[in-house]
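Just so we're aligned: 25 in the numbering used here is position 23 of the sequence shown, and the numbers increase by one with no gaps anywhere. Using N, Cα and C, we set each Cβ at its ideal position, and we do this for glycine too. Treat the numbers as computed from the prediction; the structure is a model and nothing was measured. Contents: one structure, followed by commentary.
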Amino acid sequence: KVIDSMSEISAVGHRIVQGAEVFKETCLVTDEVIDQIDALAELAPVHNHPHALALRACKAVIPAGTPQVVVFDTAFHSTMPRKAYLYGLPYECYTDLHVRKYGFHGTSHSFVSKRAVDFLGLDKDNSKVIVCHLGNGSSISAVVNGQCVDTTMGLTPLEGVVMGTRSGNIDPAIVEFIAKKENLDIDGVMNVLNKKSGVAGMSGVSSDFRDLEAAYNEGNERAIAAVEVFSYRVAKYIGAYAAAMNGVDAIAFTAGIGENTSFVREKIMAYLGYLGIKIDRVTNDKTRGVEALISTADSSVKVCVIPTNEELAICRETVKLVG
Ligand code: AMP
Numbered sequence: 003k004v005i006d007s008m009s010e011i012s013a014v015g016h017r018i019v020q021g022a023e024v025f026k027e028t029c030l031v032t033d034e035v036i037d038q039i040d041a042l043a044e045l046a047p048v049h050n051h052p053h054a055l056a057l058r059a060c061k062a063v064i065p066a067g068t069p070q071v072v073v074f075d076t077a078f079h080s081t082m083p084r085k086a087y088l089y090g091l092p093y094e095c096y097t098d099l100h101v102r103k104y105g106f107h108g109t110s111h112s113f114v115s116k117r118a119v120d121f122l123g124l125d126k127d128n129s130k131v132i133v134c135h136l137g138n139g140s141s142i143s144a145v146v147n148g149q150c151v152d153t154t155m156g157l158t159p160l161e162g163v164v165m166g167t168r169s170g171n172i173d174p175a176i177v178e179f180i181a182k183k184e185n186l187d188i189d190g191v192m193n194v195l196n197k198k199s200g201v202a203g204m205s206g207v208s209s210d211f212r213d214l215e216a217a218y219n220e221g222n223e224r225a226i227a228a229v230e231v232f233s234y235r236v237a238k239y240i241g242a243y244a245a246a247m248n249g250v251d252a253i254a255f256t257a258g259i260g261e262n263t264s265f266v267r268e269k270i271m272a273y274l275g276y277l278g279i280k281i282d283r284v285t286n287d288k289t290r291g292v293e294a295l296i297s298t299a300d301s302s303v304k305v306c307v308i309p310t311n312e313e314l315a316i317c318r319e320t321v322k323l324v325g
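Structural data, given as structure tokens:
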């Protein structure tokens, strides 16, 4: 038991996955806000309706005078310029259907990019940071002077790098091809892309990089292929974001894989010698789940590990709003 009564709770911070263009920053929970979050369920079917149910349940049991706050996964990415968030689709898909890149893991990208700037002693108003949030779901963001300018996840968390069980980017025509060949409807194909793909589907071993590393070391060809594809895709996005920002000062690794899996970090960094990146192999090898600089003193880009802490970030946002 943590508390004796609900009155001990000073404020509540809720994490909400999809804020779309309606919620660009943290705000207080009202009945109208809950209804709007519910209305966005179309854009995040697995998350937003359950969020709305939880918000209504909390409102019912927590005293009315206790402020409740919603913090959106998409909010940090709302500073992306149009050229980054528009898809090459008919413009009405954006204006009428709200189809655009929203990005996710925003609380983590915000927390880690800020912490990397502090940890590395960069000038926050003159900084270009790439955050690699590599976990079961993975996303990468490009952050200039504390503001997100691009990120890999899109309308949904399916876009971007290859993930644990999600495919990440594929040729969109593959959807029709698999549907016809396997006699699947849209839900069936989406199930393949979300749940049966990624490093788990490629390797046939696991979505967990601890298992993949073991299989890799045993010479399992499919596990080797999965790790190679994962690392290569991440490295390509880092290159793309260095181009998008016209440079990069720091790269920060975070989340389960980013914080713990040194051999994958090393594989990714091996592609980036052209940026003048040099990894300190000994420090990289022993860094697990702690803040550390893993590049050498003469590396032209600083590379670090920053453990993410979304709960702390949500707590800070909540305190900032309710005072
Ligand atoms: P997350 O979604 O951030 O919780 O990350 C989960 C993933 O991180 C797991 O599926 C593993 O692939 C990876 N992971 C977590 N802990 C470790 C660890 N100690 N060593 C290697 N990989 C880990």
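6 Å Cβ shell around residue i - same chain, five flanking residues per side excluded
i, result
"LYS197", "THR167"
"HIS49", "VAL19"
"LYS126", "VAL119, GLY148"
"GLU23", "none"
"MET155", "GLY105, PHE106, SER141, GLU161, GLY162"
"VAL145", "SER115, VAL131"
"CYS95", "VAL101"
Euclidean distance between Cα positions of residue i and residue j
i, j, result
"TYR273", "VAL35", "45 Å"
"GLU184", "GLU319", "47 Å"
"SER264", "GLY108", "24 Å"
"ILE308", "SER297", "13 Å"
"GLY21", "ILE39", "7 Å"
"GLY105", "TYR234", "21 Å"
"ILE16", "CYS60", "According to the sequence provided, residue 16 is His. The question's Ile does not apply to it. Roughly 10 Å separates the two Cα atoms."
"ASN219", "CYS150", "37 Å"
"ASN248", "ILE18", "32 Å"
"SER143", "GLY325", "30 Å"
"GLY90", "ALA56", "36 Å"
"ALA217", "SER141", "24 Å"
"LYS130", "GLY170", "25 Å"
"ALA246", "MET82", "12 Å"
"ASP6", "PRO69", "19 Å"
"CYS317", "ASP75", "14 Å"
"ASP187", "ASN193", "10 Å"
"VAL4", "GLU312", "20 Å"
"ASP98", "PRO52", "25 Å"
"ASP173", "LYS182", "15 Å"
"PHE255", "ALA54", "32 Å"
"ARG212", "ALA225", "11 Å"
"VAL231", "GLY200", "10 Å"
"LEU295", "LYS103", "31 Å"
"TYR93", "ALA175", "20 Å"
"ARG283", "GLY258", "19 Å"
Cβ neighbours of residue i in the same chain (closer than 8 Å, five flanking residues each side left out)
i, result
"ARG58", "ILE36"
"GLU293", "ARG117, PHE121, CYS306, VAL307, ILE308, PRO309"
Residue from the options whose Cα sits closest to the Cα of residue i
i, options, result
"ILE279", "ASP287, THR289, VAL266, ASP251", "ASP251"
"GLY203", "ILE132, ALA227, ASN219", "ALA227"
"ALA244", "GLY275, GLU230, ASN262", "GLY275"
"GLY260", "ASN248, VAL236, ALA246", "VAL236"
"LYS269", "GLY221, GLU215, ASP300", "GLU215"
"GLY67", "GLU94, LEU99, THR32", "THR32"
"HIS100", "ALA257, TYR87, SER112", "TYR87"
"VAL63", "MET8, TYR93, ALA181, PRO52", "MET8"
"VAL114", "TYR93, ASN128, LEU136", "LEU136"
"VAL321", "ALA13, VAL4, ILE5, LYS3", "ALA13"
"LYS26", "VAL73, PRO65, HIS51, ALA54", "VAL73"
"THR158", "ASN147, GLY139, VAL146", "GLY139"
"VAL71", "ASP173, THR28, GLU10", "THR28"
"SER110", "LEU277, THR153, ALA242", "THR153"
"ALA242", "ASN222, ARG267, ALA225, LEU277", "LEU277"
Any non-hydrogen atom of the ligand AMP within 8 Å of residue i CB
i, result
"PHE211", "yes"
"ALA257", "yes"
"GLY162", "no"
"GLU215", "yes"
"ARG235", "no"
"THR154", "no"
"ARG84", "no"
"ARG290", "yes"
"ASN222", "no"
"ASN286", "no"
"GLY148", "no"
"GLY200", "no"
"GLY166", "yes"
"GLY137", "yes"
Chain-order list of residues whose beta-carbon lies under 7 Å from that of residue i (same chain, five-residue window excluded)
i, result
"MET271", "ILE279, ILE281, VAL305"
"ILE253", "ILE132, CYS134, ILE240, VAL303, VAL305"
"VAL177", "VAL191"
"SER112", "PHE78, ALA315"
"GLY291", "GLU261, ASN262, PRO309"
"GLN195", "It should be pointed out that residue 195 corresponds to Leu in this sequence rather than to Gln. Counting only Cβ-Cβ distances below 7 Å, and skipping sequence neighbours, we find LEU160, ARG168, SER169."
Distance cut-off 8 Å: residue i Cβ against heavy atoms of the ligand PLP
i, result
"THR263", "Of the ligands one can find in the structure shown, namely the ligand AMP, none is the ligand PLP."
Determine, using beta-carbon pairs with one atom in the stretch 190-208 and one in the stretch 158-177, whether at least three such pairs fall under 8 Å.
yes
Counting pairs of Cβ atoms below 8 Å between the stretch 112-122 and the stretch 28-48, do you hit three or more?
no
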